[in-house]
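Protein chains in written order, with our numbering: chain A, 5 to 114; chain B, 72 to 185. This report refers to the structure that appears directly beneath it.
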């Protein structure tokens, strides 16, 4: 079983749709959680950190469920420019080693 | 503020050869992490350097080695290249180790091993 699992998709949605991605992790000692965005043939860039209480940044909402060991990313009012791969990152407390999921591909079409 | 840079952008090698990839960290950052990203996969952590010392290593064999210089730039060396080493190699810089801190990635070096 992989440490961090994501549905690779692709998720194909129309503009304006709401889409949600989940990411499950196996290490219960995980303490830090992030969502990164990676455009085609580009480097990953931090989208948002995920806090225990959940957090929102504009159209993006991240949630953490420690009991079920998953994090989620919700995108509201999808834009064409949201088309990218979304990478889930989990890091054990005290560890320097972040573990990336394989990413979920999102395609937003007109 | 200068971002993370990597060189070269592309590289073609043959099996058994050795390669050195370079990374300049973002201004003010003292930590560099290296990742290998195969097609369709997420980045896999190779190792991290903090103040010129390796302070974390992923599941990669010893033929993957590196170092960090006093100016915090870094090199990744791979010996005895294998076909499976073909991938995008990313470096990421951060401040104070990557524990819970945002990492800034460079554009990567795409390595092809023939």
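Note that beta-carbon positions come from the ideal geometry of N, C-alpha and C, so glycine has one too.
Taking the Cα positions, residue 30 (chain A) is about 28 Å away from residue 44 (chain A).
DSSP places residue 137 (chain B) in the uninterrupted beta strand (DSSP E) bounded by 135–139.
Sixteen is the threshold: since fewer than 16 other Cβ atoms of the shown chains lie within 10 Å of the Cβ of residue 55 (chain A), the residue is exposed. When secondary structure is reduced to three states using DSSP, residue 109 (chain A) falls in the strand class. Residue contact check for residue 100 (chain A) against chain B: a CB pair falls below 8 Å. For residue 119 (chain B), the nearest CB of chain A lies under 8 Å from its own CB, placing it at the interface with that chain. Per DSSP, the beta bridge partners of residue 81 (chain B) are B:181.
Look at residue 36 (chain A) here: in three-state DSSP terms it is strand. Across the set B:138, B:103, B:115, the C-alpha of B:115 shows the shortest separation from the C-alpha of residue 131 (chain B). Taking 7 Å as the upper bound on Cβ-Cβ separation, chain A lies near residues 126, 127, 129 of the region 123–153 of chain B.
A direct Cα-to-Cα measurement between residue 90 (chain B) and residue 8 (chain A) gives close to 30 Å. Secondary structure of residue 81 (chain A) (DSSP, three-state): coil.
Residue 60 (chain A) is classed as exposed because its beta carbon has fewer than 16 other beta carbons within 10 Å across all chains shown. In the DSSP assignment, residue 62 (chain A) falls outside any beta strand (DSSP E) and carries neither an H nor an E. Contact annotation: in the region 59–88 of chain A, no residue has its CB less than 8 Å from a CB in chain B. Here residue 175 (chain B) has 74, 75, 97, 100, 163, 164, 165 as same chain residues with Cβ atoms under 8 Å from its own Cβ, once five neighbours each way along the sequence are excluded. Scanning its chain for C-beta atoms nearer than 6 Å, with the 5 sequence neighbours on each side dropped, one finds around residue 22 (chain A) the residues 80, in chain order. The shortest CA-to-CA distance from residue 127 (chain B) to any of A:105, A:18, A:99 is the one to A:99.
Residue 107 (chain B) does not reach chain A, its nearest Cβ partner there being about 11 Å away, counting only Cβ pairs nearer than 9 Å.
Residue 95 (chain A) is positioned such that its CB atom lies no closer than 8 Å to that of residue 28 (chain A). DSSP places residue 16 (chain A) inside the beta strand (DSSP E), whose first and last residues are 15–18. Among the residues facing chain B, residue 50 (chain A) is included, as its CB has a counterpart in that chain under 8 Å away.
In the DSSP assignment, residue 76 (chain B) forms a beta bridge with B:95.
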